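Line by line, the protein sequences are chains A and B. Heads up: the first sequence runs through residues 1 to 672, numbered per our numbering. Heads up: the second sequence runs through residues 1001 to 1352, numbered per our numbering. Before any comments, here is the structure.
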Amino acid sequence: MKQKHGVCTFCGTGCGHFLAVESDTVTRVFPSQNHPVSKGRLCVRGWNIHELLTTKERITVPMVREDGVLRECTYDEAISKVVDVLSSLKSRPSEMGFLASPRATNEETYLFSKLGRAVFNTNNISLDSESGHRNSLNVLHEGAGFPGMNCPVEDIRKAEFVLVLGIDITKQNPIIGSEIHLAAQNGTQVVTVDSRRTQIAKLSNDFLQIHPGSNTLFLGALGKAVIDQKLAAADFIASAVEGYDDFAATVAGLTEDQIVSGTGISYDDIKKIARKLAAANTAMAFFSSGISGLDEETIRCLFNVFAITGNIGKEGSGLNPVAGLNNLQGGYDMGAAPDLLSGFQSLEDVKVRSAYAAEWGSEPPAIPGRSIPELLEDESTPLKALVVSDHDEGIIRYADRLKEIDFIAYIGAFRNPFTEYADVVIPVASYIETDGTFTNTERRIQLSEKKVEAPDGVLPGWNVYTMIARKAGADWNYSSAEDVMNEIVKVTPRYAGVSYDRLRSRGIAGIQWPCDGNNPEGTPFFSLEKAGGKLKCLALSGDFEVKTADPDYPLLLMVGKAQHFWHQNNLMKKTYIPLREYNATLLDYPEGFVEINSADAYELGVRNHWTVRVVSLSGSMDVAVKISDDVKPGTAYSPYFVQDMIKKFLLGHTNILRQGEDATIPVRIEKV
Amino acid sequence: MIMFLIKKSDVLEIAKELGKEYQVLGPVVDTDSGQTFFEKTEPELIQLKAPIPSVPPKYTVFPQIETLMRYRYDRESKAVEIRELYEAKPKALFGLRSCDLSGLLCLDRFFLGQEFVDEAYRVHRKKMFIVTNTCVTPFKNCFCVCTDSGPAAEEGYDLNLTELDDVYLVEAGSDKGRELAERMGLEKADESYAVKKKEAVDKSVSLFEEFATDSKAWISRVMNRVTTGFIREDVWEYIGDQCFECGACTFVCPSCSCFNIVDVNNADGSSERLRTWDSCSYEGYSRMAGGHNPRKPVEDRRNKRFFCKLSYSQMKKYLRPGCVGCGRCAWVCPGNIGLPKVVEYVRRETHK
């Protein structure tokens, strides 16, 4: 049959699809009806993935820059160039960096990180431009020892209560949004907390439209409401939770005034939500993880609330950070972080390093490196060479810095504006032209087997990295992606039981890690009973301050929301229908927009599409007005999908943007 | 009607015979996933009793993406070179369900039955041999009895198969069909078989209550409402709020025919004109150059879709309801607003 099963490679949901292959090209796509995650559904992106998979906008020939211009060359010449530069820096590892891709396969990312560490001696290895998902993993690791989403998507209907926090989930991860919607129809109490009215807000039982930037305060108040009403799960806390008293003391200090003025929600309403949460036998929370997800303090607070209500560590319950990109979770699993090795093992752990040494022949360097965005942002770092794997355009916010770097190598399958900065460009096979595994947001490792031939002479990623390593004198002998997985499982306890044969034997289901001797068929949900030990209520800074507007800057501007992220997505630009859909906003608002409530628009005397000036303490930008009652009076929303907005305005607020979903900027809006 | 008989165990001989002249497509089941497809296949792999295929055979005449032509304009000589790129081998669709044939007939009306004849569609559609298969038991998602499209095909086939005890009744619906049956030397069936077939079809209809449990669609009641427009706006808003704008309902619909045209420039200076499936659920579908969008809110676009499927005015175009009762839109919808659900909401005036 010409229908070949595969995994959708757009967002982190990891939906199953069938691709029809005729004359070595993909002719159509169809959802996989019995796939455990997607059960026969796909979103607008997934339904049109064949457009990406047949695009002509591919990199098909290696190139090197000569006299300012890229010229075609052989793999050997391009690879020699990379090796020459990186070898010369080997004694100064802080001067080079490896920017891994949250889209590449596990095998590719593992080798990419190994190349950095084992061959070129650096720990300056990181994933995408923003650290949202790392925040989630840190919290879950510290609090429960389980650095991943707690529940499988399949179990959402088992939850009696679902909290959706600051994520436009029906747009970002539509099929997970669908499961939440179906659960709501089935009787699950769905509560959405967001500063903008999203689609899931309309489909929820309760929608609390909190003030921008008050997620942490809201969760603190929710914790207080649980405790004040004596709703905490006392028996569970006694047997399985440490640190309850500290958390209780931290939130006890919150006053009703502070809660109401900070969140814009009455304490009675929050108490009502606390009662619903406590009444449920099973409860889940979903939040954005990835590009501008929640900050760590907010997730810690959320963890505590769910821990003290007994909702972490059992079937149908838990915290679920939702990854925006197809292999963001897998990227972290493969150790693409300056201080991590695969499977969230600490680089500083001597035992882990020696286990690696047994397999690699040498220990990975012991001192943690720095993340690439950090290195790019900090002008004082001596970054001289950067190796980039398949990447979106978000990083181009550092365009000026990129121009200053002596040497950039870009390795990827699709044409990308990043190549303008590259000195060497090396093509690799795309998802369907090689074997590989992807790990979705719910820790499901799925095998994607080769379906079509790569364009003439283009090699798979594992092959290219092997060639680079061998050219640099390392003794790498992989002859397939499967060989790479066979090594990954030896150094990664959480993947220990995985093999291509086992993945194949499970048909289209994949395996959810941890998969090891104790869990040969994987681990669908995090079970505290099975894991042993206790949950830790996590220490909080106790700072619940919410930024407020002032008379000079009366509106609170929300930025950095993730739903418009797909505009900057390099893959989206290689399609027709999704490009049209995602570009509509850009076509309607070529200079970007600021969304304000109709009451504020009336007061300002502006109408839809009029140009206004958004002024903050540290900058201003001219954008169009979009009037919508999806934002409350006194708040404004501006997604950063236009390069000029990023460069002229948002870059001046880098520190604020680091707060992710809680980031707000006080502004005033002037008519121009 | 000229009728023949074939032994049950020999029924795929017809597909094999067709294979001599045509590319044979039929229902096949993927072993890993258990999913049914309607695909190009070796005749002996066809599983006539498989549940209705997850994807309708619409793509055989109207591919999800297709290059219609390549063209080149030479600025200096002002010469234009245009080359058609679509091509089609003669296809035999074997074991088509009646709902899918009804969908094909709707597409025929749209692409061939109006002022302009769509040449690419015509090339795919001509020289096609269609063998339908009567559903002697309905599947759980079916409601073709409400949309006049089953459980047995009534027109548009070359041969129609109906399983009766240990034989298949083979009805010839065209000269082409009759000639094939005669060439194969099939035994003629006497008139008593027409009675037996009617009994089988009646029995199938009676089984809907018990088997077709997923979808109860009181289509006729709602057709009136959709046509006259007496539906509260907040009912459409309730439905629109649940739309994820994925396009799935239109893509799996056997009768949906909307498409998008894109011109892509090649590196060598030529351009290609592509046709892709489009969906009224997409905002960009109704957006005009200049930014005006007469159907910007999603509920307006949903409203349009169900007008297409359920209104009398649309029936005048298709000469039948636009909905063929296959139930696929309910399978694939992340918002749980497949057509039967919408019919229910409209009937009960469900709103927030």
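Note that the Cβ used here is the ideal one computed from N, Cα and C, for glycine as well. The model shown is predicted, which means the values in this text are computed figures rather than measured ones.
Item                                                                                                                                                                              : Value
Closer than 7 Å between beta carbons: that is the criterion. Which residues of the region 65 to 97 of chain A meet it against chain B?                                            : none
Under a three-way DSSP split, which group does Val1342(B) fall into?                                                                                                              : helix
From the beta carbon of Cys1144(B), is the nearest beta carbon of chain A less than 7 Å away?                                                                                     : no
With a cut-off of 8 Å on the beta carbons, I'd call Val1061(B) and Leu1107(B) a contact; round off their distance for me.                                                         : 6 Å
Could you give the residue range of the alpha helix (DSSP H) that holds Glu107(A)?                                                                                                : Asn106 to Lys114
With distance defined between alpha-carbon atoms, name the residue in Gly148(A), Ala232(A) and Ile411(A) nearest to Leu137(A).                                                    : Gly148(A)
Pop quiz: Trp513(A) and Gly522(A) are said to be a contact at Cβ under 8 Å. What is the actual Cβ separation, rounded to whole angstroms?                                         : 7 Å
So Thr1162(B) contacts chain A; which residues on that side make the cut at Cβ distance below 8 Å?                                                                                : What Thr1162(B) touches in chain A: nothing, since even the nearest Cβ is about 27 Å away.
Examine the ligand FAD and report whether any of its heavy atoms sits within less than 6 Å of the Cβ of Val428(A).                                                                : For the ligand FAD, the structure offers nothing, since it holds no ligand at all.
Note the first and the last residue of the continuous alpha helix (DSSP H) segment covering Pro666(A).                                                                            : It is not in any alpha helix (DSSP H) - Pro666(A) instead sits in the beta strand (DSSP E) that spans Thr664 to Lys671.
Taking DSSP as the reference, what is the three-state secondary structure of Val614(A)?                                                                                           : strand
Residue range of the alpha helix (DSSP H) that Pro427(A) falls in?                                                                                                                : Where Pro427(A) is concerned, there is no enclosing alpha helix (DSSP H), although the beta strand (DSSP E) it sits in stretches over Val424 to Pro427.
Consider the Cβ of Val1055(B): report whether some Cβ of chain A lies at a distance smaller than 7 Å.                                                                             : yes
Contact check, Gly1173(B) vs Tyr1193(B) under 8 Å by CB: the rounded distance?                                                                                                    : Going by Cβ atoms, the distance from Gly1173(B) to Tyr1193(B) rounds to 15 Å, so no, they are not a contact pair.
Starting from the Cα of Ile1231(B), find the closest Cα among Glu1171(B), Gln1242(B) and Lys1304(B) and give me that residue.                                                     : Lys1304(B)
Look at Asn570(A) and Asn416(A) and say whether their C-beta atoms are less than 7 Å apart.                                                                                       : yes
Can you list the residues of chain A that His1062(B) reaches, using a CB-CB cut of under 8 Å?                                                                                     : For clarity, residue 1062(B) is Phe in the given sequence; the question names His instead. Here the premise fails: no neighbours, minimum Cβ distance about 11 Å.
What residue range does the alpha helix (DSSP H) around Thr170(A) cover?                                                                                                          : Ile169 to Gln172
So Asn34(A) contacts chain B; which residues on that side make the cut at Cβ distance below 8 Å?                                                                                  : Ser1033, Gly1034 and Gln1035
I'd like the span of the beta strand (DSSP E) that includes Lys1296(B), first residue to last.                                                                                    : Careful: Lys1296(B) lies outside any beta strand (DSSP E) and carries neither H nor E.
Under 7 Å between beta-carbons, which chain A residues line up against Glu1245(B)? List them in chain order, please.                                                              : Val44
Give the residues of chain A in contact with Ala1248(B), contact being defined as C-beta atoms less than 8 Å apart.                                                               : Pro31, Arg41, Leu42 and Trp47
List in chain order: all unbroken alpha helix (DSSP H) runs of 4+ residues lying wholly within the region 1105 to 1183 of chain B.                                                : 1119 to 1125 and 1175 to 1183
Using three-state DSSP, classify Pro31(A) as helix, strand or coil.                                                                                                               : strand
For Val428(A) and Ile210(A), I'd like the C-alpha separation in whole angstroms.                                                                                                  : 46 Å
Could you tell me if Gly533(A) is buried or exposed, where buried requires 16 or more neighbouring beta carbons within 10 angstroms of its beta carbon?                           : exposed
Buried or exposed: where does Glu348(A) fall if 16 or more other Cβ atoms within 10 Å of its Cβ makes it buried?                                                                  : exposed
May I ask you to list the residues that DSSP assigns as paired with Thr25(A)?                                                                                                     : Glu22(A)
Should the region 1107 to 1117 of chain B be regarded as contacting the region 1081 to 1096 of chain B, the criterion being three or more beta carbon pairs within less than 8 Å? : no
Using only the alpha-carbon positions, how far apart do Thr611(A) and Pro590(A) sit?                                                                                              : 11 Å
Got a sec? Which residues, its chain only, sit under 6 Å from Met645(A) by beta carbon, not counting five neighbours each side?                                                   : Gly592 and Met621
Would Lys1197(B) be called buried (16 or more neighbouring beta carbons within 10 Å of its own) or exposed?                                                                       : buried
If we define contact as Cβ-Cβ less than 7 Å, is Ile627(A) a contact residue for chain B?                                                                                          : no
Distance, Cα to Cα, Tyr1282(B) vs Asn1293(B)?                                                                                                                                     : 11 Å
Please confirm whether Leu140(A) and Ala336(A) have their CB atoms less than 7 Å apart.                                                                                           : no
Could you tell me the boundaries of the beta strand (DSSP E) in which Val7(A) lies?                                                                                               : Gln3 to Val7
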